[in-house]
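Asks:
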Amino acid sequence: MYHLGEAGTPLHRKIDIALAVKNDILKNPQAYYLAYRNHKNEWEYVNARYENGWMLASVNRLGDYQIMADTISPKISLTNIDNDLKNDLIRILVQDQETDIARYQVYIDGKWALFEDDYKRDAIFYRVDGIALQRNGSQHHLKVRVWDFCGNCTEKETLFIY
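When you line the sequence shown up against this note's numbering, it's residues 24 to 185, in that order.
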């Protein structure tokens, strides 16, 4: 752990920090991330990058920082699709325990679909508009890919009737 000044002390502007990765043993250095201990004594993700054994970041507060590793892929739960889509909303839970969700891609029948974020509920959703997807009782293919901030990826596919 790195202790930088008095915890919670705000800075007037961001400062650049470089913290050495001790015991640099991971084959994929992208799995390293920087975390800050917040006022609830919980570790929260800090945007940083790995470069030649160092974690580089611009931070706006002092306190405790720790270099951690995230090698676990995000989780995807298809909440309201179980072969039959009964309403006009596709809702997918996307969760990551360590660094949170960085990006996602969703395809319906091989075509990219614009999903909206609902990060307070760890979800993404798509309101069927009748243009890209029409209710005609046919089978459709849904493919979801989700990445966390360390590049871990999960993919899930399903078929549904709409």
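The C-beta atom is built at its ideal place from N, Cα and C for all residues, glycine as well.
(1) What separation, rounded to the nearest whole angstrom, lies between the Cα atoms of Leu182 and Asn51?
(2) For Arg144, tell me which candidate among Gln120, Leu116, Pro33, Asn159 has the shortest Cα-Cα distance.
(3) Do you know whose CA, among Asn61, Glu178, Ile147, lies nearest Arg168's CA?
(4) Within the same chain, show all residues whose beta-carbon is closer than 7 Å to that of Pro33, passing over the 5 residues directly before and after it, in chain order.
(5) Helix or strand or just coil, what does DSSP make of Ala54?
(6) Taking the beta strand (DSSP E) that Gln89 falls in, what are its first and last residues?
(7) Name the DSSP beta bridge partners of Ile38, please?
(8) Given this structure, state the Cα-to-Cα distance separating Ile48 from Met91, to the nearest angstrom.
(9) Below 8 Å on the Cβ atoms is my guess for Asp193 versus Ala54; work out the distance and round it to an integer in Å.
(10) Select from Tyr59, Met78, Asn64 the residue whose C-alpha is nearest the C-alpha of Ala41.
(11) Looking at C-alpha atoms only, which residue of Gln120, Asn46, Asp132 is the closest neighbour of Gly76?
(12) For Leu27, list the residues DSSP reports as bridge partners.
Replies: For this structure:
(1) Leu182 and Asn51 have their alpha carbons spaced roughly 33 Å apart.
(2) Ranked by Cα distance from Arg144, the first of Gln120, Leu116, Pro33, Asn159 is Leu116.
(3) Restricting attention to Asn61, Glu178, Ile147, the CA atom closest to the CA of Arg168 is found in Glu178.
(4) Around Pro33: Asn83, Arg84.
(5) When DSSP states are grouped into helix, strand and coil, Ala54 belongs to the helix group.
(6) Start and end: 86-92.
(7) Per DSSP, Val82.
(8) Their backbone Cα atoms lie some 12 Å apart in a straight line.
(9) Any question about residue 193 goes unanswered here, given that the chain covers just 24 to 185.
(10) Nearest neighbour of Ala41 by Cα position, chosen from Tyr59, Met78, Asn64, turns out to be Met78.
(11) For the set Gln120, Asn46, Asp132, the Cα lying nearest the Cα of Gly76 is the one of Asn46.
(12) In the DSSP output, where bridge partners are listed per residue, Leu27 has Gly86.
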